[in-house]
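J.: First the structure, which I've put down as structure tokens, then a few questions once you've had a look.
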Amino acid sequence: MAGQHEGFALGVDLGTSNTVAVLRWPDGRTRPLLMDGQPVSPSAVYADPDGTLHAGWDARRLAQADPARFEANPKRRVDEPNVLLGDRSYPPAELLAAVLAAVARAAVGTVGFLPPAVVTCPAAWDATRRQVLGDALMRAGWPQAAEHTLAGPTPPGTRLLREPVAAARYYTQVLHRPVPVGGAIAVFDFGGGTLDVAVLRNEGADPWGDSGFSVVADGGLPDLGGLDLDAALVQRVGELVGDRHAAQWARLVRPADPAQRRDQVRLWDEVRGAKETLSRSTVAPVAVPGVPDAVRLTRADVERVATPLLRRAVDRARDVIAAAGLSPDQLAGLFLVGGSSRIPLVARMLHAELGVAPTVLDQPELPVAEGALTDLPLRRQLPAPAYAGPPLAPPAPAAAPAPPAPASPAGPPPAPAVPAQALAAPAGPSFAPTSPAAPG
Numbered sequence: 000m001a002g003q004h005e006g007f008a009l010g011v012d013l014g015t016s017n018t019v020a021v022l023r024w025p026d027g028r029t030r031p032l033l034m035d036g037q038p039v040s041p042s043a044v045y046a047d048p049d050g051t052l053h054a055g056w057d058a059r060r061l062a063q064a065d066p067a068r069f070e071a072n073p074k075r076r077v078d079e080p081n082v083l084l085g086d087r088s089y090p091p092a093e094l095l096a097a098v099l100a101a102v103a104r105a106a107v108g109t110v111g112f113l114p115p116a117v118v119t120c121p122a123a124w125d126a127t128r129r130q131v132l133g134d135a136l137m138r139a140g141w142p143q144a145a146e147h148t149l150a151g152p153t154p155p156g157t158r159l160l161r162e163p164v165a166a167a168r169y170y171t172q173v174l175h176r177p178v179p180v181g182g183a184i185a186v187f188d189f190g191g192g193t194l195d196v197a198v199l200r201n202e203g204a205d206p207w208g209d210s211g212f213s214v215v216a217d218g219g220l221p222d223l224g225g226l227d228l229d230a231a232l233v234q235r236v237g238e239l240v241g242d243r244h245a246a247q248w249a250r251l252v253r254p255a256d257p258a259q260r261r262d263q264v265r266l267w268d269e270v271r272g273a274k275e276t277l278s279r280s281t282v283a284p285v286a287v288p289g290v291p292d293a294v295r296l297t298r299a300d301v302e303r304v305a306t307p308l309l310r311r312a313v314d315r316a317r318d319v320i321a322a323a324g325l326s327p328d329q330l331a332g333l334f335l336v337g338g339s340s341r342i343p344l345v346a347r348m349l350h351a352e353l354g355v356a357p358t359v360l361d362q363p364e365l366p367v368a369e370g371a372l373t374d375l376p377l378r379r380q381l382p383a384p385a386y387a388g389p390p391l392a393p394p395a396p397a398a399a400p401a402p403p404a405p406a407s408p409a410g411p412p413p414a415p416a417v418p419a420q421a422l423a424a425p426a427g428p429s430f431a432p433t434s435p436a437a438p439g
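Dropping the structure here:
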């Protein structure tokens with residue numbers, strides 16, 4: 000990019016359940032890219048009867064009319080040859096392309112063009128899976144993908160970066176937390192659909208000026224995420240509804256027609272919203288479709304159903320740290336990212352079991368996307384010198400005294416002296432070059 004496009008960049012965390020993108024302006028400011036007015040967009044896809052694919056919040060809304068045409072987690076289907084939506088089959092790359100195209104449209108709508116971008120992928124993804132992501136980028140009209148490694152500079156195009164590397168860079172370069180060269184950090188990425196844990200070692204800056212974090216060990220639980228907590232909470236709501244509304248609850252659990260499926264979607268949305276509220280409050284109401292009185296969920300309910308699930312997560316984190324040849328007290332940091340890390344019990348259990356105080360932010364969805372921007376370092380330009388007025392003419396040097404003339408009988412009188420100021424040319428205006436203002 001050149002001219003007014005210079006300095007813009009886009010970091011994209013294409014998650015299993017949600018997608019987040021962060022824009023960087025030429026002056027270094029960053030802010031989440033709003034998609035349909037929200038900083039977090041579902042990684043979901045809906046297929047119209049004519050084959051048109053809709054992504055994000057549009058897909059979630061359309062799914063209420065015909066859930067059979069809806070895929071909530073296309074990233075989970077990356078290993079399948081085709082995914083059936085309605086009466087048509089789609090390759091996973093086409094579904095992911097619909098999500099990426101929605102991100103691109105939001106970026107163009109915000110700054111007028113698609114900036115250079117870095118898209119993250121799981122550390123465990125092999126070359127075949129990364130190729131599916133590369134195909135999705137091409138289908139969505141993004142520049143050809145190229146992966147950053149410590150073996151050489153990344154070719155031009157959309158960059159691919161492993162998610163824990165992006166998180167580790169955010170930890171050191173944005174939060175300015177120290178990880179010494181040779182030291183290690185653990186990244187605990189607890190998202191909506193999966194748990195991913197990685198231990199990374201700081202290899203120092205590579206010859207191309209990038210932070211050289213390498214993945215020493217990684218692992219996860221593909222069947223554990225925020226969705227599993229939601230399912231456990233839905234079951235708890237069913238217990239609270241009880242036998243008083245058993246018939247209505249049966250329709251919500253096993254819907255038989257589109258109207259009942261829409262009610263089921265609304266129930267899960269209510270439970271998900273209550274779970275997020277309970278990360279900040281102790282009580283949250285849940286409106287159950289077809290039940291006149293709201294059910295009250297408490298933080299104690301969340302912690303009771305979440306504890307056995309989170310114990311699996313803590314055990315997996317301990318195993319990955321051990322696979323790196325380290326004990327928890329040898330880590331320079333434990334960084335929690337992903338939306339499900341917001342649940343207070345997650346940090347408490349990790350601290351109690353591993354003896355390491357985790358770092359978790361108010362918006363744990365953002366660090367991976369913003370950390371990806373470090374793969375496109377901002378080239379800061381020196382400002383042009385300010386205009387200081389026309390230059391002053393230097394004073395003329397003083398005339399040296401003339402040597403004494405030899406004696407002569409007579410000679411012409413000396414010429415009158417010319418004032419020194421008359422020798423200097425009149426000063427004209429001089430303007431320092433100015434740089435064009437950077438767009439906001």
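Counted from 1, the sequence shown has number 313 at position 314 by numbering that gives the first Met the number 0; the numbering is strictly sequential. Beta carbons are placed, not taken as given, at the ideal position from N, Cα and C, and that holds for glycine.
Considering just the uninterrupted stretch of the alpha helix (DSSP H) at G272, what are its terminal residues?
T.: Locating residue 272 in the sequence shown gives position 273, where the first residue counts as 1. G272 -> alpha helix (DSSP H) spans P257 to T276.
J.: Using only the alpha-carbon positions, how far apart do L194 and L296 sit?
T.: The residue labelled residue 194 in the question sits at position 195 within the sequence shown. The residue labelled residue 296 in the question sits at position 297 within the sequence shown. So the two alpha carbons sit approximately 25 Å from each other.
J.: Taking only the alpha-carbon atoms, compute the straight-line gap between R6 and R28 and give it to the nearest angstrom.
T.: The count along the sequence shown starts at 1 and reaches residue 6 at position 7. The count along the sequence shown starts at 1 and reaches residue 28 at position 29. Correcting the residue identity first, residue 6 is Gly in this sequence and not Arg. Their Cα atoms are separated by approximately 11 Å.
J.: Considering only the beta carbon of each residue, do G190 and G10 sit closer than 7 Å?
T.: Numbered from 1 along the sequence shown, position 191 holds the residue referred to as residue 190. Numbered from 1 along the sequence shown, position 11 holds the residue referred to as residue 10. No.
J.: Under three-state DSSP, which class holds P357?
T.: The residue given as residue 357 occupies position 358 in the sequence shown. Here P357 sits in coil by DSSP.
J.: Sort out for me which residues DSSP pairs E70 with in a bridge.
T.: Taking the sequence shown and counting its residues from 1, one reaches residue 70 at position 71. DSSP, once it has assigned bridges, lists V44 as partnering E70.
J.: Which of the three DSSP states, helix, strand or coil, is assigned to T157?
T.: Indexing the sequence shown from 1 puts residue 157 at position 158. If DSSP states are grouped into helix, strand and coil, T157 belongs with the strands.
J.: State the start and end residues of the unbroken beta strand (DSSP E) segment that holds V198.
T.: By 1-based counting over the sequence shown, the position of residue 198 is 199. Looking at the DSSP string, the run of the beta strand (DSSP E) that includes V198 is L194 to A204.
J.: With contact counted as at least three CB pairs below 8 Å, one residue from each stretch, are the stretch 325 to 338 and the stretch 172 to 179 in contact?
T.: The answer is yes - the stretch 172 to 179 touches the stretch 325 to 338, with three or more Cβ pairs under 8 Å.
J.: Sort A20, V355 and S340 by Cα distance to L228 and report the nearest one.
T.: Position 229 of the sequence shown, counted from the first residue, corresponds to residue 228. Closest option to L228, Cα to Cα, is S340.
J.: Assuming S16 and G225 form a contact by the criterion Cβ under 8 Å, report the distance between their Cβ atoms to the nearest whole angstrom.
T.: Residue numbering aside, residue 16 sits at position 17 when the sequence shown is read from its first letter. Residue numbering aside, residue 225 sits at position 226 when the sequence shown is read from its first letter. Going by Cβ atoms, the distance from S16 to G225 rounds to 7 Å, so yes, they are a contact pair.
J.: When we look at the beta-carbon of P73 and count the other beta-carbons within 10 Å, is it buried (16 or more) or exposed?
T.: Taking the sequence shown and counting its residues from 1, one reaches residue 73 at position 74. Classification of P73: buried, given that the 10 Å Cβ count is 16 or more.
J.: Whole angstroms is fine: what's the gap from V39's alpha carbon to L94's?
T.: Reading the sequence shown from its first residue, position 40 is the one you call residue 39. Reading the sequence shown from its first residue, position 95 is the one you call residue 94. Straight-line Cα distance between these residues: approximately 18 Å.
J.: Let's see if you can read the secondary structure: which residues bound the beta strand (DSSP E) around V313?
T.: Locating residue 313 in the sequence shown gives position 314, counting from the first residue. Taken as a continuous stretch (DSSP letters only), V313 belongs to no beta strand (DSSP E), being part of the alpha helix (DSSP H) at R298 to A322.
J.: Specify the secondary structure class of P408 as computed by DSSP and reduced to three states.
T.: Reading the sequence shown from its first residue, position 409 is the one you call residue 408. The predicted model places P408 with a pLDDT of 43, which falls under 50 and marks its position as unreliable; any figure quoted below should be read in that light. Three-state result, P408: coil.
J.: Inspect the beta-carbon positions of L372 and A8 and report whether they are closer than 7 Å.
T.: For the purposes of this step, residue 372 is identified with residue 373 of the sequence shown, where counting begins at 1. For the purposes of this step, residue 8 is identified with residue 9 of the sequence shown, where counting begins at 1. Contact flag set, yes.
J.: In the DSSP assignment, find the beta strand (DSSP E) that holds T119 and state where it starts and stops.
T.: The residue labelled residue 119 in the question sits at position 120 within the sequence shown. Residues A116 to C120.
J.: Is Q63 helix, strand or coil by DSSP?
T.: Indexing the sequence shown from 1 puts residue 63 at position 64. Three-state DSSP puts Q63 in coil, outside helix and strand.
J.: Can you tell me where the alpha helix (DSSP H) holding R341 begins and where it ends?
T.: As a position in the sequence shown, residue 341 is number 342, starting the count at 1. Neither: R341 is in no alpha helix (DSSP H) and is coded neither H nor E.
J.: With a CB to CB cut of under 6 Å and the five nearest residues on each side skipped, what residues in its chain are close to L132?
T.: Within the sequence shown, numbered from 1, the residue matching residue 132 stands at position 133. Excluding sequence neighbours, L132 sits near C120.
J.: For L99 and A135, which I take to be in contact (beta-carbon distance under 8 Å), what is that distance rounded to the nearest angstrom?
T.: Residue 99 sits at position 100 when you count from the first residue of the sequence shown. Residue 135 sits at position 136 when you count from the first residue of the sequence shown. Contact holds; Cβ gap of about 6 Å.
J.: Can you grab the Cα-Cα spacing for the pair P363 / I184, in whole Å?
T.: Indexing the sequence shown from 1 puts residue 363 at position 364. Indexing the sequence shown from 1 puts residue 184 at position 185. The alpha-carbon atoms of P363 and I184 are separated by roughly 17 Å.
J.: For the beta strand (DSSP E) containing V77, name the first residue and the last one.
T.: If you number the sequence shown from 1, residue 77 lands on position 78. Counting along the chain, V77 falls outside any beta strand (DSSP E), and DSSP gives it neither H nor E.
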